[in-house]
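Position one of the sequence shown corresponds to residue 57 (the working numbering), numbered consecutively onward. Ideal Cβ positions, reconstructed from N, Cα and C, are used throughout, including at glycine. One structure is given below, encoded as structure tokens.
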Amino acid sequence: MKERISYLLEIFQAFKTDDIKSRLKHFDILTNSLFTLTQSLFDNKVQIEHHHAEIENKFFRYGMANHSIKKLLEGNRFFIINKQIEITDLFSVFALTRMQIESFSIMYYLFFDNLETIEKDFRYEIYKLHGLQKQNKFPVVFKKNEVKKKKIQSDISVLIDKIKSYQVFQNATEKQKKEYLNPRHAKLDSTKDILIKSGIDSNRINDMWNLYSNHAHGEHISDRQYNYIYKNKKSTLEESMTVLSINTILTSNLCKLISDEFDEVKKKYEELHLGDKVQIEIWSKLKK
Numbered sequence: 057m058k059e060r061i062s063y064l065l066e067i068f069q070a071f072k073t074d075d076i077k078s079r080l081k082h083f084d085i086l087t088n089s090l091f092t093l094t095q096s097l098f099d100n101k102v103q104i105e106h107h108h109a110e111i112e113n114k115f116f117r118y119g120m121a122n123h124s125i126k127k128l129l130e131g132n133r134f135f136i137i138n139k140q141i142e143i144t145d146l147f148s149v150f151a152l153t154r155m156q157i158e159s160f161s162i163m164y165y166l167f168f169d170n171l172e173t174i175e176k177d178f179r180y181e182i183y184k185l186h187g188l189q190k191q192n193k194f195p196v197v198f199k200k201n202e203v204k205k206k207k208i209q210s211d212i213s214v215l216i217d218k219i220k221s222y223q224v225f226q227n228a229t230e231k232q233k234k235e236y237l238n239p240r241h242a243k244l245d246s247t248k249d250i251l252i253k254s255g256i257d258s259n260r261i262n263d264m265w266n267l268y269s270n271h272a273h274g275e276h277i278s279d280r281q282y283n284y285i286y287k288n289k290k291s292t293l294e295e296s297m298t299v300l301s302i303n304t305i306l307t308s309n310l311c312k313l314i315s316d317e318f319d320e321v322k323k324k325y326e327e328l329h330l331g332d333k334v335q336i337e338i339w340s341k342l343k344k
């Protein structure tokens, strides 16, 4: 415990004083840990389950978006009418944070939910079917894309037959079967329900997800927020700290989840620098 004290004090001091530079440094540590842990899965050639098929690309994209958030929070510098401006583009950060909350929920839903493997495999098939059916609705403008369209339609047909072979489908009601074969959403559970199940603070993060959705869609609430933050308050620190806390909590939880899911990743986690592990352990516990 004694060797952890300096790292705990560093986290506490950065949090207590709203030290954005230190908080960004800690966020960077978590993101690098996420990449390290994910890479160990493939360095060790771990045999993954069917529902884990997208785990590499989802974790990589998540980490890449974290780096984009960090760069945006460091501030943008540009010229307007020959005058240099330095400003934090909060609205892009809000949109990216909304995406990260949604990404976390789909990753938990597909990879880490406490269900039997066969149930998660079934979820993955529905997830894929939803994506393919959505893509199939896009019109073919160029002739070269007709082959791709036919491939998508073929994949949909194969996937529907596969879904019908699952026991969960065969035991479903006729109404459920129709929903399984023409899913309205990629997930069978809502984002809010998934966040609750994951142990993440559903009220705080789900509310922020709803708020940031308004910004992403350019709705009137974003106009009001712009006027309040940039014209009246003239400070972005409070909002920057909020999005940084949300993304730090989500990233630390993903580090814990992937470590608990695979023994080989767990070994890599134990090899991390003590300061890095303290960051993961502290932030992953801040759920409520």
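Helix, strand or coil: how does DSSP classify residue i here?
| i | result |
| --- | --- |
| Gln103 | coil |
| Phe318 | coil |
| Phe194 | coil |
| Arg154 | helix |
| Arg133 | strand |
| Lys243 | coil |
| Lys72 | helix |
| Ile143 | strand |
| Lys341 | coil |
Near residue i, which residues of its chain fall below 6 Å by C-beta distance, leaving aside the five closest residues on each side in sequence?
| i | result |
| --- | --- |
| Ile91 | Note on identity: in this sequence residue 91 is Phe, with Ile being the wrong assignment. Contacts found: Gly119. |
| Lys114 | Met163 |
| His82 | Gln335 |
How big is the Cα-Cα spacing for residue i and residue j?
| i | j | result |
| --- | --- | --- |
| Glu181 | Phe198 | 29 Å |
| Glu152 | Met297 | This sequence places Leu at residue 152; Glu is not what is there. For Leu152 and Met297, the distance between alpha carbons rounds to 15 Å. |
| Arg60 | Gln232 | 51 Å |
| Ser221 | Lys176 | 15 Å |
| Ile125 | Asn303 | 9 Å |
| Asn238 | Val214 | 14 Å |
| Phe392 | Tyr183 | No information on residue 392 is available, as it lies outside the stretch 57 to 344 that the chain covers here. |
| Phe134 | Ile76 | 21 Å |
| Gln189 | Gln223 | 22 Å |
| Ile67 | Arg240 | 42 Å |
| Glu295 | Lys193 | 38 Å |
| Lys324 | Leu93 | 6 Å |
| Asp99 | Leu267 | 39 Å |
| Lys234 | Ile137 | 58 Å |
| Glu130 | Ile285 | 17 Å |
Can you give me the Cβ contacts of residue i inside the same chain, cut-off strictly under 8 Å, excluding the 5 residues immediately before and after it?
| i | result |
| --- | --- |
| His107 | Leu166, Phe167, Thr173, Lys176, Asp177, Arg179 and Tyr180 |
| Ser340 | Ile305, Ser308, Asn309, Cys311 and Lys312 |
| Ser161 | Lys243, Thr247, Ile250, Leu251 and Ser254 |
| Ile216 | Leu185 and Leu237 |
Measuring alpha carbon to alpha carbon, tell me which residue in the options is nearest residue i.
| i | options | result |
| --- | --- | --- |
| Trp261 | Ala121, Phe71 and Leu300 | Looking at the sequence provided, one finds Ile at residue 261 rather than Trp. It is Leu300. |
| Lys127 | Arg79, Ile104 and Ser96 | Arg79 |
| Met264 | Thr247, Lys253 and Asp145 | Thr247 |
| Ser159 | Lys72, Phe71 and Ala121 | Ala121 |
| Leu171 | Ala70, Asn192 and Glu317 | Glu317 |
| Ile111 | Ile314, His329 and Glu326 | Ile314 |
| Asp145 | His329, Asn132 and Lys58 | Asn132 |
| Asp169 | Ile216, Lys218 and Asp245 | Asp245 |
| Thr292 | Phe150, Ile104, Tyr63 and Ser96 | Phe150 |
The ligand PLP and residue i: does any heavy atom of the ligand fall closer than 7 Å to the residue's C-beta?
| i | result |
| --- | --- |
| Ser269 | Looking at this structure, you won't find the ligand PLP or any other ligand, since it has none at all. |
With a threshold of 7 Å on Cβ separation, who are the neighbours of residue i within its own chain once the five nearest residues in sequence on each side are excluded?
| i | result |
| --- | --- |
| Asp84 | Lys126 |
Do the region 207 to 224 and the region 137 to 152 make contact, defined as three or more Cβ pairs closer than 8 Å?
-> With a cut-off of 8 Å on Cβ pairs, the region 207 to 224 is not in contact with the region 137 to 152, counting fewer than three such pairs.
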